[in-house]
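Accompanying notes for the structure given below.
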């Protein structure tokens, strides 16, 4: 017959198995710093945008410029809010190995949500930019004829389209990371009975 399986040894090996925790923690710390930097840049961008919009409103700029900056301010504020909201469960770093694996899964899921939001958000922003450009073409052709106006619209639209493409790439990358994190978590919680 076969040798009797040593359950005590298997349980001991399973409970004492430690993944490469220093590498996981280093990765998580880097992601935490990156997340904080992105949120800080969001806030700085908002703090710069609102005074700029205020001075636009006090100037003798055309009403279309004032409406455009109103929309930009609203879209930017909504974007910053959702950036914080989608990252709300990711602030605290876990202290256990199991918690680290769960946290990696939550981060990947949050990354997918952020990418989806970014695609919709940037598409909406592009729609407003194109709409404003069309308004200028039909109703304020003299403003569009000024040096740099058309170039600004083209560059802005190009940057937004590139940002949408990056968001799509980021979403796919996070989906791969989510699958990998789930497999790592399952491998960690499953006993190794071989």
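Numbering (my numbering), first residue to last: 227 to 420. All C-beta atoms in this analysis are idealised placements derived from N, C-alpha and C, irrespective of residue type, glycine included.
Contact belief for residue i with residue j at Cβ below 8 Å, rounded distance in angstroms
i           : j           : result
residue 408 : residue 331 : 6 Å
residue 396 : residue 341 : 5 Å
residue 290 : residue 362 : 7 Å
residue 283 : residue 292 : 6 Å
Best match in the options for proximity to residue i [C-alpha to C-alpha]
i           : options            : result
residue 329 : 406, 281, 233, 397 : 406
residue 377 : 355, 278, 272, 350 : 355
residue 298 : 277, 310, 380      : 277
residue 400 : 230, 252, 374, 257 : 257
residue 251 : 263, 324, 402      : 324
residue 294 : 385, 388, 410, 379 : 379
residue 398 : 369, 345, 263      : 345
Distance CB(residue i)-CB(residue j) smaller than 8 Å
i           : j           : result
residue 343 : residue 312 : yes
residue 390 : residue 360 : no
residue 352 : residue 321 : no
residue 261 : residue 326 : no
residue 271 : residue 249 : no
residue 309 : residue 273 : no
residue 366 : residue 288 : yes
residue 269 : residue 304 : no
Cβ neighbour criterion (16 or more within 10 Å) applied to residue i
i           : result
residue 393 : buried
residue 234 : exposed
residue 358 : buried
residue 286 : exposed
residue 319 : exposed
residue 404 : buried
residue 227 : For residue 227, the predicted structure reports a pLDDT of 46, less than 50, and the residue's modelled location is therefore unreliable. The matter cannot be settled from this model.
residue 416 : exposed
Any non-hydrogen atom of the ligand FAD closer than 7 Å to residue i Cβ
i           : result
residue 320 : This structure does not include the ligand FAD; it has no bound ligands of any sort.
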